[in-house]
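For the sequence shown, the tail end lands on 217 under the working numbering, and the numbers increase by one without skipping. Don't be surprised by glycine CBs; every beta carbon is placed ideally from N, CA and C. Below is one structure; the comments refer to it alone.
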Amino acid sequence: MDSKQWIDVTTEKNHYSLDHFVIPTHYEKDVSSILIPHGVIMDRVNKIARLIVEDTTGPLVVCCILKGGHQYFADLVNAVKKLTTKDGKTVPLSLEFIRVKSYKNDQSEGVTMSITDEECAEFEGKNLLIVEDIIDTGATMVQLLKKLDNFSPKSVKVTSLLVKKTPKSNGYTPDYVGFSIPDEFVVGYALDYNEYFRDLDHICVISDHGKKAYAV
Ligand code: 5GP
2 MDSKQWIDVT
12 TEKNHYSLDH
22 FVIPTHYEKD
32 VSSILIPHGV
42 IMDRVNKIAR
52 LIVEDTTGPL
62 VVCCILKGGH
72 QYFADLVNAV
82 KKLTTKDGKT
92 VPLSLEFIRV
102 KSYKNDQSEG
112 VTMSITDEEC
122 AEFEGKNLLI
132 VEDIIDTGAT
142 MVQLLKKLDN
152 FSPKSVKVTS
162 LLVKKTPKSN
172 GYTPDYVGFS
182 IPDEFVVGYA
192 LDYNEYFRDL
202 DHICVISDHG
212 KKAYAV
């Protein structure tokens, strides 16, 4: 995917005030700004679904990276189901779920993955689409792709709703990206901070108050 096609929300002017949209009262003090309102996320998801369908020739195994990727995965799969390819065909989908855990508070603590070799063996000869919420350093995705490669899938493509602009990046870039975001810890739209904020629709920047309130 051409990086010109990403939506860049990395600058200060991209942050909306909390007064401009509805925030659940239980999180009012815990986020400092709204980075991507829910409606904009949904419109972007529809466009990415269109790009994926245009590039797809056969059945797709869509792999959800849990837990943060579940909302993007659900909305993306719904959008793909409604679309047809250039020659008027729909894309047959099967769904897989891979649990990946990599963060405690807002710092990396390494990566653990729930997928077994037996489950991975099912991917042989299939076209995989990995659906992730956010790429930060890129370490999680590089490890996952390395593991999947051992099981000879026909193709592997990756979509991430968000890519963080950070000096810690290992340079990995997904095939389909929703938004390029600043180097800040974001929550909402299923992205959590110690399991909180998954029930917030907009993608927001966590505040110091929020970090303290939900630290473990
Ligand atoms: P990476 O391996 O690319 O550094 O990190 C990927 C994972 O880190 C993501 O799947 C996500 O779980 C977590 N992560 C990185 N940045 C953020 C962030 O700003 N907010 C949240 N909620 N999770 C993040």
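With hydrogens ignored, establish whether the beta-carbon of residue i is closer than 7 angstroms to any heavy atom of ligand 1.
i, result
"threonine 138", "yes"
"valine 159", "no"
"isoleucine 49", "no"
"tyrosine 215", "no"
"methionine 114", "no"
"threonine 141", "yes"
"leucine 192", "yes"
"lysine 165", "yes"
"phenylalanine 152", "no"
"valine 92", "no"
"valine 132", "no"
"phenylalanine 98", "no"
For the putative contact between residue i and residue j, defined by C-beta atoms under 8 angstroms, what is the C-beta separation to the nearest angstrom?
i, j, result
"histidine 203", "lysine 30", "Actually they are not in contact, since the Cβ atoms of histidine 203 and lysine 30 sit about 16 angstroms apart, beyond 8 angstroms."
"asparagine 128", "proline 60", "7 angstroms"
"tyrosine 194", "tyrosine 215", "6 angstroms"
"valine 32", "cysteine 205", "4 angstroms"
"phenylalanine 74", "valine 132", "4 angstroms"
"tyrosine 1", "valine 143", "Because the chain spans 2 through 217 in this model, residue 1 falls outside it and cannot be assessed."
"lysine 1", "serine 181", "Nothing about residue 1 can be read from this structure; the chain reaches only from 2 to 217."
Residues bridged to residue i by DSSP?
i, result
"arginine 100", "Leu67"
"isoleucine 207", "Val32"
"aspartate 9", "Ser181"
"asparagine 128", "Ser156"
"tyrosine 215", "None, per the DSSP bridge assignment."
"isoleucine 37", "Ile204"
"methionine 114", "Val101"
"leucine 61", "Leu94"
"leucine 163", "Ile135, Phe180"
"valine 46", "Partner(s): none; valine 46 has no beta bridge."
"tyrosine 73", "DSSP lists no partner for tyrosine 73."
"glycine 189", "Leu192"
What are the start and end residues of the beta strand (DSSP E) that includes residue i?
i, result
"lysine 148", "Looking at the DSSP string, lysine 148 is not in any beta strand (DSSP E); the run it does join, the alpha helix (DSSP H), is 140-150."
"glycine 179", "177-182"
Mapping the DSSP letters down to three states, classify residue i as helix, strand or coil.
i, result
"asparagine 79", "helix"
"isoleucine 135", "strand"
"tyrosine 194", "strand"
"valine 54", "helix"
"valine 23", "coil"
"lysine 169", "coil"
"serine 109", "With a pLDDT of 49 at serine 109, under the threshold of 50, the modelled position of that residue is not reliable, and the figure given next carries that caveat. DSSP places serine 109 in strand when its eight states are reduced to three."
Considering residue i, what are the terminal residues of the alpha helix (DSSP H) in which it resides?
i, result
"arginine 199", "It is not in any alpha helix (DSSP H) - arginine 199 carries neither H nor E in the DSSP assignment."
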